[in-house]
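Let me begin by presenting the structure, written as structure tokens, before commenting on it.
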Amino acid sequence: MQSRSLLILLSALAVTSASPLRRRLCADNGTATEPAAPSSTVSVAYTLPSTGGATTLPSPGDATLKHIAVGHGIQNYTCTAPGANATSLGALAVLWDVTSLYPGSGTAALSDADWTALPPKVLRTTDLPLNLADAASSDAADVANPFPAPASLTVDGLAAPLAFLGHHFFSDTNVPTFDLSGDTAQVQLFSGKKDLGITAPADSDRGLTDTGAVDWLALSDKGGSENLSLVYRVVTAGGQPSACTETGQTESVAYAAQYWFY
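Start counting the sequence shown at 1; every next residue gets the next number (this note's numbering).
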């Protein structure tokens, strides 16, 4: 499934040459393991986060939670003119399963504070998990080969590495896509459309470029999804673009977020 999905990676990224994975603080050399499923021995009410604002994301209703993941990658942008709002060219991210870390879910569970702080921690203390076009100058990914081999992620303070869950990318028709190839129990592929986006809370981590956190999103099936019907992006850190200063300006901005899959 992974190889099939990578054939439709977005073609709008602005760079083409390959490079090694860029290092931030400490690399993860773990191997991929079976993603954790919601605990069957502890009764837990998994509650989708809320911004606390007047507008909220729609409820998943009676849809079944499949995974909660932390995603780390880049948001891609271009500019049509100086002073214009940057236009999104999609995103690339690697996903790791954090379902077993949900507060109150079992022995591995985090505190509420540590759970909320996990995306910023991943953003700021782990390597950007992509093959970069030019590691010395930008976070833009190699178009031909953006993703390294699947691997677990070691995060300081966690008792065990996070299991690789999958990849997030945009198709060549600009459709947000999630391929959860790390779940070997069943095919889980999502091709979505945005139903609603709301501004991230004011106290969200503004990211490595100090430009702000990307919106929280609710996505639903656009057609062609397999065993997934809803995806939410919440608890975002970073990812907003810089101001446009010239026509044709491109930028790739590192971000991290929680993703909830139903």
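Every residue, glycine too, gets a C-beta built ideally from N, C-alpha and C.
Expected contact under 8 Å - CB spacing of Leu-196 and Leu-95 to nearest Å: Counting from 1 along the sequence shown, the entry for residue 196 is found at position 196. Counting from 1 along the sequence shown, the entry for residue 95 is found at position 95. That pair is no contact at about 21 Å.
Assumed close pair Ala-136, Ser-252 - CB separation to whole angstroms, cut-off 8 Å: If you number the sequence shown from 1, residue 136 lands on position 136. If you number the sequence shown from 1, residue 252 lands on position 252. Not quite, the Cβ-Cβ distance comes to about 14 Å (not below 8 Å), so this is no contact.
Spatial neighbours of Phe-170 in its chain, beta-carbon cut-off 7 Å, leaving aside the 5 residues before and after: Within the sequence shown, residue 170 is the residue found at index 170, counting from 1. Leu-10, Gly-90, Ala-91, Pro-176 and Thr-177, listed in sequence order.
Rounded Cβ spacing between Asp-156 and Ile-74 (contact assumed at less than 8 Å): Reading the sequence shown from its first residue, position 156 is the one you call residue 156. Reading the sequence shown from its first residue, position 74 is the one you call residue 74. Actually they are not in contact, since the Cβ atoms of Asp-156 and Ile-74 sit about 22 Å apart, beyond 8 Å.
Beta-carbon separation (whole angstroms), Val-234 vs Pro-49, contact threshold 8 Å: Locating residue 234 in the sequence shown gives position 234, where the first residue counts as 1. Locating residue 49 in the sequence shown gives position 49, where the first residue counts as 1. Yes, Val-234 and Pro-49 are in contact; Cβ-Cβ is about 5 Å, under 8 Å.
Span separating the alpha-carbon of Thr-173 from that of Ser-191: To locate residue 173, count along the sequence shown from 1; it is residue 173. To locate residue 191, count along the sequence shown from 1; it is residue 191. Spanning the two alpha carbons is a distance of roughly 11 Å.
Euclidean distance between Cα positions of Val-70 and Val-98: As a working mapping, residue 70 is identified with position 70 in the sequence shown. As a working mapping, residue 98 is identified with position 98 in the sequence shown. One C-alpha to the other measures close to 7 Å.
Distance, Leu-162 Cα to Leu-101 Cα: Numbered from its first residue, the sequence shown carries residue 101 at position 101. Numbered from its first residue, the sequence shown carries residue 162 at position 162. When rounded, the distance between both Cα atoms is 10 Å.
8 Å Cβ shell around Ala-81 - same chain, five flanking residues per side excluded: Residue mapping note: residue 81 aligns to position 81 of the sequence shown, counting from 1. Only Cys-244 and Thr-247 meet the Cβ criterion.
Spatially closest choice to Ile-198 from Ala-218, Leu-180, Ser-88 and Asp-179, by CA coordinates: By one-based count along the sequence shown, residue 198 stands at place 198. Out of Ala-218, Leu-180, Ser-88 and Asp-179, Ala-218 has the C-alpha closest to the C-alpha of Ile-198.
Through-space distance from Ala-93 to Leu-180, alpha-carbon basis: Working through the sequence shown from its first residue, we reach residue 180 at position 180. Working through the sequence shown from its first residue, we reach residue 93 at position 93. Roughly 12 Å between the two C-alpha positions.
Terminal residues of the beta strand (DSSP E) in which Thr-116 lies: Within the sequence shown, the letter at position 116 stands for residue 116. It is not in any beta strand (DSSP E) - Thr-116 instead sits in the alpha helix (DSSP H) that spans 112-125.
Where Thr-99 sits in the DSSP three-state scheme: Sequence index remark: in the sequence shown, residue 99 carries index 99 (1-based). Here Thr-99 sits in helix by DSSP.
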